[in-house]
Amino acid sequence: MMKKAPPKATRDDSQASRRGLLKMLAALPASLMLASQISWAAPATSEVNTSGLAVTDDTVTVGILHSITGTMAISETGSVQAEKLAIEQINATGGVLGRQIEYIQEDGASDWPTFAEKSKKLLVNDKVAAVFGCWTSASRKAVLPVFEQYNGMLYYPTFYEGLEQSPNVIYTGQEATQQIIAGIDWVVKEKGAKSFYLLGSDYIWPRTSNKIARKHIEKLGLKVVGEEYYPLGHTQFNSVINKIKLRKPDVIYAIVVGGSNVAFYKQLKAAGIDLTKEKPLLLTISVTEDEILGIGGENIDGAYAAMKYFQSLDNPNNEAFVKAFKERWGDDIVIGDVTQAAYLGPWLWKAAVEKAGSFDIDKVRAASPGIELTTAPEGYVRIHENHHLWSKTRVGLAQPDGQYKVVYESEDLIEPNPFPEGYQ
Amino acid sequence: MNHKQITYFPRKDLIGFAILAAVLMLVLPMALDVFRLNLVGKYLTYAFVAIGLVLCWGYGGILSLGQGVFFGLGGYCMAMFLKLESSDPESTKIQSTPGIPDFMDWNQITELPWWWEPFYSLPFTLFAVVAVPVLFAFIISVAMFKRRVGGVYFAIITQAIAAILTILIIGQQGYTGGVNGITDLRTLLGWDIRTDEAKTILYFVCCLLLLASLATAQIIRRNKVGRILVAMRDQEDRVRFSGYDVSNFKIFVFCMAAAFSAIGGAMFTLQVGFMSPSFVGIVPSIEMVIYCAVGGRLSLLGAVYGSLLVNWAKTSLSESFPELWLFGLGALFIGVVLAFPNGIAGLFQRYVEPYMPAWYHGRVAAKASEKGNSTTSGDNVTPDTSEEVPTGSDKQPATLKGGHYVNAE
Amino acid sequence: MFAEYTASELTAIFAMQGFAGLILFSVLVLMALGLAIIFGQMGVINMAHGEFMILGAYVTYLTSNLFSEYMPSLFDGYFFVAMAMAFLVTFLLGMLVEWGLIRHLYKRPLDTLLATWGLSLILQQIYRSVFGAREVGVTLPDWMMGSYPLTDMVEVPINGIFVMVLTLVISIGIYFLMFRSRWGKQVRAVVQNRPMAGAVGINTEKVDRLTFGIGCGIAGIAGSAFTMIGSTGPTSGQLYIVDTFLVVVFGGAQSLLGTIASAFTISQAQSTMEFFLSGSMAKVLTLLFVVGILMLRPQGLFALKIRR
Amino acid sequence: MSTQNDFVLAVEGLSVSFDGFKAVNDLSFYVDEGEIRVIIGPNGAGKTTVLDLICGRTQATEGSIRFRGKELTKMKEHAIVHAGVGRKFQNPSIYEDLTVFENLELSYPKGYTVFGALAFKRDAAVIEEVERIADTIFLSEELEKPAGLLSHGQKQWLEIGMLLIQKPDLLMLDEPVAGMSVAERRQTAILLRRITEGRSVIVIEHDMHFVEEIADRVTVLHQGKVLSEGSMERVKNDPKVVEVYLGH
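Chains as they are written, first to last, in the working numbering: chain S, 265 to 688; chain C, 1090 to 1498; chain G, -15 to 292; chain D, 61 to 308.
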């Protein structure tokens, strides 16, 4: 549950007036400003900002663009919290190039044109140095032309279907092949799965993901016994559950999203399919700890999920991250894969800016490939030439308490491959 | 006697149109930067829908909760043309099948579906932008109105149609772009529609089309058809027993509303650069009704101002207080219905118009003085006035009998 | 498609599929009954119906938290308390809404539609502010989840049975309320002839308020029951609205029996088609089927042919 | 039977049932050219339903309605109007938001189709006819008034005027003097006498004095059937009628 945010978070409301003040400061005689610059030992604004971004001598403004109203607010809230946390932590450790990060938060309202409008506002009016945001593919597709036209930088946190590689986006979540292939290989190898039933919500990510899954399953010489899509928001799954019972697949491969998830898992359990018996086994790539909150841990107990991050990951980075996150947003909060990926955004941007020695979008872009983050909660990540992240994939087993137990972790970082040959 | 001639544009309507034209074409372009102007252009595309709703709902008493369907269809037709243009083999050479839209390629479609082919032609597209939604509206309305489905039932069925179309568009993503819609539209006959200059030009095109639509709607409204619509809304049976086939008039006005919405949709696609199924659904369709209600469901000009106002409020409120926005919008729905059923236009007529000088009302001075100030606004309901809002009378506006039950007495 | 299965498997599947249809039927009836009372008897279109349902779900959530906190020993039975609470809360809110909003709009059915839509937006935002944007997980007593195996193949979901029994109880309750109680007589009198009902001493305002309240209260119970099969979030209510209205309209607005019959038709059509087609197409075809029938029979399936 | 074409209206074997209840049951009657026929009967006798059936508002279950040789039962309302049947409702049914002039103009028999209406011109002929009718129905002074502001009696007249302007051959009036003052009632009787020249009229009425004043013949309906028919004098003395209706 979302707790009332501590006073710190109200900062975005007073943003406008503060920025006005800062502009006034910037207009003070240069000599005065010089003094302050020297004292902070930060590079001069004229050096780090040649393209008119919202960078002053002691601040840099970025944008946060997620849905905080509408149907997608359910999913995007975690990302907003993670991005704010990362920004606050960066500020506490001295900011970026000696400048404190300020953010302007906009509401995409779960409506794609609104995303486009707001992204344009952030880029054109507010001249933000980077935007952390978007969740659904549709919202990303809507803002993409805007970012390309006005040359902005978007850090996009969600695992998604791939088939895209924009110079103006850094994809901090996994693209489909990273998530899918490792997961399927694991169930085939460890659980001896031979037949699969593919199920998804009816839109591009589940469809494309299932397409990749099907190709891979068929490549392995195994069988897909059913493939099915339901409209977003569908709440009746009894018929498909019967079909699953009839076809008796070894694995239900489920990419159901949003509110449908809750209905699906509750009805699955009620229909007598006990996932802990693994007959059939359920493998999902769409249910993070965030979703389990709504589903109820007891209803999804025994399902497997393949993604790159689970809150229960056992490493010092993650321990610190989870602790900080709970301190900031409340004890009963959970952290899902996307939330973690969103947390990476500001850190990756900071690293790229510092490597480039400039906030200029072109320089940040040029500096981005090869940027690594050893402090990532998920472990080590590195930005690939194609703007996606090298990352590991893990398989988690859902527990009644709503957490995943990590049962498998890929040995090496998996190379992002947004345009997989032979899978299209 | 002043009933001798029907004037399509009585003086005060003319003044209203002139002011609106001046605001849209002069004041706003001078006052706003391109970004904000483009936003206004986007709001104006909703005004097309609102104008259609004034005719169809305000005058005809037919409430459609599926206007987004026509807005969307018009927009999709335009988007298909633009998408084909931006999908030439050269710029799509990385695809496994170059020359088809990118989303088709992602869905393993290797050949352009036959019904996309005609959209290579701009004249055909412009024709289809209006013809496809109107044809669709025609089919729906013939089926419904010939069977005398009306009022609430019609509203709910249009809602269901919006739901059906949304699911279809999302489900057939290989042909429609699915939930993402048709995105990344770049040029119109080689002219880049994303530049600031293009946006400004498109804004003016949008304004001109809007004014033309307003004029068309005004003529219909002042015409005998307009009076039949009002008559039909109030006493449908009487109209029928005066020898009119009521359903034909309903079909006509519903198709007109669809046509306006479709033009709005096409302009939306051009100005915003994409089209998505989120416009076809139920929520935007109902929101479009509120634009019309806020402006005043009987006022064409009000519809335009209503669309501008609500959207402007939405943008600015959601920039600073996103949580408050839904409260505001909800309160707006309730407030308009409870307190101001005739919206901004009603307030204007009640509180401003009586104080306007005689030249505004367009009467010969003698006539005005002869009538004197006997009633506050009795003049308002003579045939010369622009809106049939019986202000000054304290009864519930008789104009709100929109809902007819199919099987009520 | 059935060639590869044995006869017993097929029977089992058909039995379960029939059962799935019955569950869907109960769900639709439960969703639609409250609306049928409000829309059918009062002519008010309550677009906030879904939000009332979700309110019931949130009340259930709160009650479950309360029980697990203070009375864990009684947790198994909390659901009944939760349903009663859900009814009470939505009933009261319903009466409040009637008093503040609906009663001003009885002559303007299309306007109630807009006003209640506004109300639904406000309620959604309230839920979001109070409960957070995320969905909440309602913990159910163990006995309610899981299934009861009839044979090796045929398993009956317990929550499905629960919903069916609940639907039956509520339907019978409404039947007695509407057709056997004094209040029901008054409601029907007011529906048939408002001035006359007023003249013979029925307090029509009170009847209206109670009717609206009870309609909302039933929505609350439905929402409470739906925590077993669906999600509870600020916008979950919107998922139900189109289906609910179609059920009511399809049945013929003034007939409760019609509502039940239409729920049956729609649920059977949908669950059969879902079995043979993909989910999205089944949904589209069901909606088209309903719209098509409504065009042929605009009064709905069971409307009485009345004298005008 | 063979001579039915001599009648303006021939109703034969007409029945309609609403969910089993027979509101009109095997009803037959004939209206002559130029006749004023008054239909009376106790509440629920099916009077208004008969008018609804004739003008197409309700579909007959059985039987035929022939108007000047044309079968009306299968025709749409507006087509029946075009055939020459006009109908006035029990409650004045006028367009309150339009002026008296516009009310009458809308009933002027021109521009019935959508495109006809779009092309409709308010020419001299229209204005002249509207003013003539307004004069007939005592509303010349009120032409510019919104119809909603008229008195109840004036509204009744306006609706009659809206029928007259259609020039129907058969005029059906449902309780034309209900709610009128004595003076208005007298004026209405004069009006009715004036307008029946050259057309037939069916009137439903409860007011016996008014019925006596205007009726050529009277049909008494009871439980959807003809109970008695003939001159007012004859009907008044029919013992069956006295029993169910006048006797109370």
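Virtual Cβ for every residue (Gly too), placed ideally from N, Cα, C.
The secondary-structure analysis by DSSP pairs residue 1214 (chain C) with nothing; it has no beta-bridge partner. The residues 561, in chain order, have a CB closer than 7 Å to that of residue 665 (chain S) in the same chain once the five nearest residues on each side in sequence are set aside. Residues are counted here when their Cβ sits less than 7 Å from a Cβ of chain C; for the stretch 559 to 582 of chain S the count is zero.
For residue 1213 (chain C), no Cβ of chain D is located within less than 9 Å of the residue's own Cβ. Residue 1376 (chain C) is classed as buried because its beta carbon has at least 16 other beta carbons within 10 Å across all chains shown.
Following the DSSP letters along the chain, one finds residue 434 (chain S) inside the beta strand (DSSP E) bounded by residues 433 to 435.
A Cβ of chain G is located within less than 9 Å of the beta carbon of residue 1421 (chain C). Identification of residues in the stretch 546 to 558 of chain S having a C-beta nearer than 9 Å to some C-beta of chain G yields 554, 555, 556, 557 and 558, given in sequence order. Residue 200 (chain D) counts as exposed, since fewer than 16 other C-beta atoms from the protein chains shown sit within 10 angstroms of its C-beta. Taking a contact as a CB-CB distance under 8 Å, the pair residue 1415 (chain C) and residue 109 (chain G) counts as one, their CB atoms being some 4 Å apart.
Beta-bridge analysis with DSSP links residue 654 (chain S) to S:646. Residue 385 (chain S) has its alpha-carbon roughly 14 Å from the corresponding atom of residue 1401 (chain C). Nearest to residue 487 (chain S) by C-alpha distance, out of S:502, S:529, S:513 and S:670, is S:513.
Look at residue 1 (chain G): its C-beta is under 9 Å from a C-beta on chain S. The alpha helix (DSSP H) runs of length 4 or more contained entirely in the stretch 1410 to 1439 of chain C are, from start to end of the chain, 1411 to 1427 and 1432 to 1436. When only Cα atoms are considered, residue 633 (chain S) and residue 615 (chain S) end up about 11 Å apart. For the pair of segments examined, the stretch 1259 to 1273 of chain C was found to touch the stretch 401 to 409 of chain S: the number of CB pairs separated by less than 8 Å reaches three. DSSP places residue 382 (chain S) inside the alpha helix (DSSP H), whose first and last residues are 376 to 384. Per DSSP, reduced to three states, the secondary structure at residue 205 (chain D) is coil, with no helix or strand assignment.
Counting C-beta pairs closer than 8 Å gives fewer than three between the stretch 309 to 324 of chain S and the stretch 334 to 350 of chain S, which falls short of the contact rule. Taking a Cβ-Cβ threshold of 7 Å, the residues of chain S close to residue 131 (chain G) are 534, 535 and 536, in chain order. Residue 221 (chain G) counts as buried, since no fewer than 16 other beta carbons sit within 10 angstroms of its beta carbon.
A buried status is given to residue 593 (chain S), since no fewer than 16 other beta-carbon atoms sit within 10 Å of its beta-carbon. The Cβ of residue 1311 (chain C) sits no closer than 9 Å to any Cβ of chain G. Contact annotation: residue 502 (chain S) and residue 3 (chain G) have beta-carbon atoms nearer than 9 Å. Residues of chain C whose Cβ lies closer than 7 Å to the Cβ of residue 259 (chain G) do not exist, since the nearest Cβ in that chain is about 18 Å away.
For residue 1236 (chain C), the chain G residues whose C-beta falls within less than 8 Å of its own C-beta are 279, 280 and 282, listed in chain order. Collapsing the DSSP output to three states places residue 180 (chain G) in a helix. In this structure the stretch 61 to 81 of chain G does not lie against the stretch 174 to 192 of chain G, because fewer than three pairs of beta carbons, one per stretch, are closer than 8 Å.
Classified as buried, residue 432 (chain S) has 16 or more neighbouring CB atoms from the shown chains inside 10 Å of its CB. A straight line joining the alpha-carbon of residue 125 (chain G) with that of residue 65 (chain G) spans about 13 Å.
For residue 1379 (chain C), the residues of chain G that pass the 9 Å Cβ criterion are 98, 101 and 102, in the order they occur in the chain.
Beta-bridge pairing by DSSP links residue 370 (chain S) to S:329. Under the three-state reduction of DSSP, residue 1373 (chain C) is assigned to helix.
Using a CB distance cut-off of 9 Å, residue 173 (chain D) counts as an interface residue toward chain C. A straight-line Cα-Cα distance of about 25 Å links residue 390 (chain S) and residue 605 (chain S).
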